[in-house]
Every structure is written in structure tokens, then in C-alpha cells.
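Once you know that position 210 of the sequence shown is 210 in the UniProt record's numbering, the rest is easy, because the numbers rise by one and skip nothing.
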Amino acid sequence: MATRKLRAFKNWMKSQHVECSDALDVVVTTNSSAVSVRALCDLNVGDLVATIPKESCLTVKTSGARQMIEESDLEGILALAVVIMYERSLGPLSPWFGYLQLLPYSEPIPLLWSLSQIDSLLAGTELHKIVKDDKALIYEDWKECIEPLLTSVSLQLKAEHFGVTEYLAAKSLIASRSFEIDDYHGCGMVPLADLFNHKTGAEDVHFTSSYAELNNDADNENYGNDKTHSGGECLQRSDLESSHSELDDDAHSDKHGNDNNEPTNVNSRDESISGSYSEFSSVSEDDLTVLEMIMVKKVEAGAEVRRS
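Next up, the structure:
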């Protein structure tokens, strides 16, 4: 299972022109499906170890849910959570299936606990009231902003993919794995970059928005410098210090991977869905850039490479 998921993800990366250095080894632990990235040789400060096209990132701008989200005036973390739920609901038909199937369903944070678990495990701590209040607020957000989407006949969304549990799961992924990409895309999920386990204040590799592919026109001053970002910036990480857990979904139906390790066409999908992604070609100049993972610390061969 773990090997098949990783193979499908690598096929997906190839099809999306996500480049990972041969000096890195993406490892999936067989028993737990935990993902980590290790160095196959010594890595030095300044080494470029990965490049990721922005169009391969999962954001409101790239998702097939864009029109639905913009027409509903959803923004920020809530909008990105809807994006994740929507793409997951498509299963193998989603252009990001090869990526999403490698991620855990959720991160193990207190917000996903039942009220009885919160009362028994957090009683007497400062987190007790905070978590209960946050859980209530999240339910209110879901009730006010997401439940109305389920009653729309035109959208035809399936309730089992957009419930409170699914919303909390999506938010937990955003808290630990999302990145602030740029002013156009805003907050989003960055494939490969989010597989590096984090180590607060002791990062080995840094996420950078590169504008090298843009023309240096005088009227394009907003793109004159690189921007650097840490993972999980879009939402407070809280108690997210654990690494990745196992997805419940089986990846055997992944239409974007195959046993021969050959990249497949992730753009092949039902006509009813393909129209939602037609705006890929009408993006801003900012979208022509790539994202880079650059070493900021020397890492010896065999060691895990971590991000902040």
C-alpha cells in the first residue's frame, strides 16, 4: 500500500513538472505510512533540492471549486478547506489525486477529538476551554458557510464529503502543511514541500518563491524580490508536532500512477469536471513563477531533512 501510494505520487510529480533532487529520498514508513525526506548524500547551504510550479499547488485559484467558492464569497482558510474537501470528493478524477492520496486524512490535533475526549484528556489545562470554544466556532463556520452549499441543487455536492468532520480534517492539514504562496494564490497546499517534517526554529530547508522566470519590467516591481515562507503559516499550528498518519482511503484506483513508473495525464477527467479547471490558462503573471526548496543548513547523508 505505502509503496503504491508513493509510486503514484512520484508519477504525479513528473506529470506536473515538480522536480525533486536525486539527493533526496522520500520515505514512507510501512507500518504507519508516515512520510519523511532524507538526504542520500551530504547537502550544503544554498543547494537547490526541489522546484515546484505554482500551477501544481492546490489553491482556490487552481481548484475546480474556484467558481463555487468565489460566488459564495468564501475566503482564507475556510475557502482552502472547501478546496481540499472538494478535490477529495472527486477521488481519482481530481487532478490532485496522486498528491492527496499520499497525505493523511487528518492531523492528530485536539480539535478532532470528541467532547468527551476533550473533557477527559484536557481537564485542568489551559487548552481545555480554548479547544472547546474553537470547536464550537468551527461548527458555526461550517453551519453558516458550508452547509448552504449542500442545499444548492446546482452544485450537487455530496454531504458525506463536506460534513463537520471533513471540514475539521481539512483544517488540520492546512494548519500543519499549508504555505503562503503569493498575493495571487494566497494560502495553499504545496506538494512535496509539505512532505518535509517540520522542526520549529531548526529548519534545514526553506521554501522560496522564485521570480526568476519573470521579465524585470519597471512596472512589475512587486515581483522584484524573492519571498520566503515557512510551512503552516496560513493557520496557527497549535499542537501539531506529530508527523504524518495513515489515510483511510485506498490508492489502488489511482488513475494517475501505474506500475511502470510512467507519468500519466492527470488532466483526463469527466467533461462535467474539466470545465471547472478551464481557468488554468487565464492566470496572472505571478503564476508563471516556480517555488523552490533551498538548503539553509548542512545536512549529512542519511539524516532527515526538515522544514520550519
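Glycine residues also receive a C-beta, built at the ideal position from the N, C-alpha and C atoms.
Local conformation of residue i per DSSP, three classes
i	result
THR120	A quick correction: the sequence has Ser, not Thr, at residue 120. Reduced to three states, the DSSP call for SER120 is helix.
SER284	The predicted position of SER284 is uncertain, since its pLDDT is 44 and thus under 50; no value can be drawn from it.
ILE186	Strictly speaking, residue 186 in this sequence is Gly, with Ile absent from that position. Three-state result, GLY186: strand.
LEU112	helix
GLU304	strand
LEU173	helix
VAL164	helix
LEU93	helix
GLU203	coil
Residue range of the alpha helix (DSSP H) that includes residue i
i	result
SER36	Note, SER36: premise wrong, no alpha helix (DSSP H); beta strand (DSSP E) at 35-39.
PHE179	Not the alpha helix (DSSP H): PHE179 falls in the beta strand (DSSP E), residues 178-182.
LEU103	Element bounds for LEU103: n/a, residue is neither H nor E.
ALA8	2-15
VAL18	It is not in any alpha helix (DSSP H) - VAL18 carries neither H nor E in the DSSP assignment.
GLY76	76-89
HIS128	127-141
GLU147	147-150
Boundaries of the beta strand (DSSP E) in which residue i is found, first to last residue
i	result
GLU71	Here GLU71 belongs to no beta strand (DSSP E); instead the alpha helix (DSSP H) covers 66-71.
VAL299	Counting along the chain, VAL299 falls outside any beta strand (DSSP E), and DSSP gives it neither H nor E.
ASP25	24-28
Cβ separation of residue i and residue j, assumed to be a contact under 8 Å, to the nearest whole Å
i	j	result
ALA39	ALA23	6 Å
VAL305	PHE196	6 Å
PRO110	LEU127	6 Å
MET68	PHE162	Rounded, the Cβ-Cβ distance is 11 Å, inconsistent with contact.
VAL26	ILE52	Actually they are not in contact, since the Cβ atoms of VAL26 and ILE52 sit about 14 Å apart, beyond 8 Å.
ALA301	ASP42	5 Å
LYS298	ASN44	6 Å
LYS54	HIS198	Between HIS198 and LYS54 the Cβ distance is about 21 Å, and since that is not below 8 Å, they are no contact.
ALA2	VAL37	About 15 Å separates the two Cβ atoms, so there is no contact after all.
LEU173	LEU103	6 Å
Closest residue to residue i among the options (Cα-Cα distance)
i	options	result
SER63	PHE97, ASN31, VAL35, ALA34	PHE97
VAL296	VAL205, GLN101, SER209	VAL205
ASN11	GLN101, SER176, VAL60, LYS61	GLN101
LYS158	LEU168, ALA169, ILE146	ILE146
ASP194	SER176, VAL164, GLN16, THR165	SER176
ASP119	PRO108, ASP133, SER106	ASP133
SER116	TYR99, LYS135, SER106, LEU103	LYS135
LEU192	LEU291, THR29, GLU70, ALA303	LEU291
GLY188	CYS20, LEU80, THR3	LEU80
SER56	LEU121, PRO104, SER94, PRO108	SER94
ILE138	GLU166, LEU150, THR125, LEU121	GLU166
Residue(s) in a DSSP beta bridge with residue i
i	result
SER63	DSSP output for SER63 lists no bridge partner at all.
LEU291	ILE52, SER209
LEU58	MET189
LEU43	VAL299
HIS198	ARG307
Chain B contact for residue i (CB, 9 Å cutoff)
i	result
PRO104	The structure shown contains no chain B; it holds only a single protein chain.
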